[in-house]
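First comes the structure, then the notes that go with it.
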Amino acid sequence: MCRESVTPARFNQCPSGTTVACQRNRSLLSAFTATVFARHQTKISHKLFGRFETAVQVVERWILARLRYHTFFCLSELNTAIRQLLQEMNARPLQRQKVSRWDLFETLDRPALRPLPSTPYEYAQWKKAKVSIDYHIEFNRRLYSVPHALVGEVVELRITATLITVLHRGKQVALHQRHGSGRFSTQPHHMPESHRRHSEWSPHR
């Protein structure tokens, strides 16, 4: 079961008329090899949406209402109670199909499932930055180098708890450890040749 936290998708209208999800959701979908389909405003979609609402009401009545007046002293205790009621709810036969939700899951859903990725999904923050004249971009008062040919260009930053990935037109151009000593994180191969030669000079030269 995937327990990652997902932010509701926001869609931006492109000049071409197509819609694209925000970078954060695209990254999540790519990690789990998943796809999102937009819900069109049709009679069928309204009918399906009504079914979703009914499913939510079933959970509220079968689980939330029954636990409303219980007192829990830790999260694990609450989760145990929810899990037990959820299993009971999923084992109940549906009125029309005469089979349980669990039976339908085993028959329809489980055969189509794939294993989760071997490494957990890592939440990333996305932002844009303009490369300054000294071929660095700034994030949280720390400066990170990019190839000097990108001076003046706008790049995208993918920021995790430990890494900052810099992309230009969708291609990775730099990778830095987010936390380190000093204010600058400069990689020699990002420098112009003259700057690189100067940095290699000894103090006695």
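Numbering of the sequence shown is given in this note's numbering, commencing with residue 4 and proceeding in unit increments.
For every residue, glycine included, the Cβ atom is placed at its ideal position computed from N, Cα and C.
query	result
For Ser197, the three-state DSSP class (helix, strand or coil)	helix
Distance, Pro195 Cα to Ser30 Cα	32 Å
Nonlocal neighbours in the same chain, by C-beta distance under 6 Å from Thr163, ignoring five residues either side	Glu125, Ala127
Three-state class that DSSP yields for Val149 in the structure shown	coil
Rounded Cβ spacing between Glu109 and Val134 (contact assumed at less than 8 Å)	53 Å between Cβ atoms; not a contact.
Under 8 Å between C-beta atoms of His198 and Pro150	no
Local conformation of Ser188 per DSSP, three classes	strand
Span of the alpha helix (DSSP H) around Ala84	78-94
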